[in-house]
Ligand code: A2H
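In the UniProt record's numbering, the protein residues as written are 250 to 503.
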């Protein structure tokens, strides 16, 4: 933990079909429910293909300032309460509590992505003490996401364990950013070069992230959307602001 606060963009991923755990919440029936994913890369949201939850991580449902239901870790809900994001300031009123495993295969609608619906899937490396414990997946630009997507696609036993169907994993990385040396699918490209096959290849993944992350930020060029052709560093803030002003995202610090 550094001294300076980390600022995340929380992406609001709308639950379009309530799983039984969420349907049991009285307050969820009449209010929109969102999984809120913490990201440092709001400009990559064009390439979302799914959402990661930790199967053993605990999540809570809380009420937002705008009377929506947010699903996230209790720790992040407490931070949100102090940041004026929740209905009541400084207190967390928990509407319900779940394990990630109870929220797998949930159908979501997420901003900016070309996929009309995407699904929650398990990622075993989701940390419960970082961000909201909800992670949006952009396998074109995140080596972690690409490796975890390969695992769930290639391992039928893993899908079966969490009730994930083939339809839910029938997604491919979307080319959204051109990164010099790595091309328009930088994460798949570096994973292939380094022989990364799974989310268990931790040391290699750390190295892969270091290699593509800075290069993507300083030299990456958007290939899609209204800022097509522009450098990431020149449009990141604009895209973040647009998401927030459309109420598709909330700024959050920890
Ligand atoms: B990033 P930092 Cl395209 N557990 O978003 C594990 N990983 C988490 C997490 C948690 N609880 N909460 C957030 N994250 C991920 C996009 C992205 C991200 C891209 C490329 C790189 C990248 C799409 N996934 O992060 O330790 C989220 O993934 C590389 C660092 O606070 C979030 O941003 O620096 C990032 O880790 C935050 O990690």
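All C-beta atoms, glycine included, are put in the ideal place defined by N, C-alpha and C. Treat the numbers as computed from the prediction; the structure is a model and nothing was measured.
- Residues of the same chain with a CB within less than 6 Å of the CB of residue 394, apart from the 5 flanking positions on each side, are 386, 387 and 388 in chain order.
- Only residues of its own chain outside the window of five on either side were considered, and among them 348, 349, 350, 353, 371, 373 and 411 have a CB closer than 8 Å to the CB of residue 304, listed in chain order.
- Not one heavy atom of ligand 1 falls within 7 Å of the beta-carbon of residue 482.
- For residue 290, no alpha helix (DSSP H) run applies, since DSSP gives it neither H nor E.
- Between residue 293 and residue 398, the C-beta gap is not smaller than 8 Å, which leaves the two residues out of contact.
- With distances taken between CA atoms, residue 453 lies nearest to 396 out of 396, 338, 286 and 328.
- By the Cβ rule, the stretch 419–436 counts as touching the stretch 464–474, because three or more pairs are nearer than 8 Å.
- The stretch 269–289 and the stretch 475–495 do not touch, with fewer than 3 CB-CB distances between them shorter than 8 Å.
- Residue ranges of uninterrupted alpha helix (DSSP H) with 4 or more members, entirely inside the stretch 272–333 and ordered along the chain, are 275–279 and 323–331.
- When DSSP assignments are scanned along the stretch 385–446, the uninterrupted stretches of alpha helix (DSSP H) that are 4 or more residues long and fall wholly within it turn out to be 392–403, 405–410 and 435–443.
- Between residue 330 and residue 380, the alpha-carbon positions lie close to 14 Å from each other.
- Relative to ligand 1, residue 287 has its C-beta within less than 7 Å of a heavy atom.
- Non-local C-beta neighbours of residue 477 in its own chain, meaning closer than 6 Å and more than five positions away in sequence, comprise 471, ordered along the chain.
- Checking the 7 Å criterion, the Cβ of residue 290 is within range of a heavy atom belonging to ligand 1.
- Around the C-beta of residue 436, 16 or more other C-beta atoms lie within 10 Å, and the residue is accordingly described as buried.
- Only residues of its own chain outside the window of five on either side were considered, and among them none has a CB closer than 6 Å to the CB of residue 496.
- Of all C-beta pairs linking the stretch 271–280 to the stretch 334–343, fewer than three are shorter than 8 Å, placing the two stretches out of contact.
- Contact annotation, residue 310 with residue 359: C-beta distance approximately 18 Å; criterion of less than 8 Å not satisfied.
- Counting the other CB atoms within 10 Å of its CB gives residue 328 a total of 16 or more, which places it among the buried residues.
- The three-state secondary structure of residue 464, taken from DSSP, is helix.
- Beyond the five residues adjoining it in sequence on each side, residue 313 comes within less than 7 Å, by CB distance, of 319, 334, 335 and 336 in the same chain, given in chain order.
- With fewer than 16 other Cβ atoms inside 10 Å of its own Cβ, residue 252 counts as exposed.
- Short of 6 Å from the beta carbon of residue 488, and not among the five residues preceding or following it, lie these beta carbons of its own chain, in chain order: 291 and 292.
- Out of 449, 307, 357 and 362, the CA that lies nearest to the CA of residue 474 is found in 362.
- Residue 378 sits exposed, since fewer than 16 C-beta atoms from the chains shown fall within 10 Å of its C-beta.
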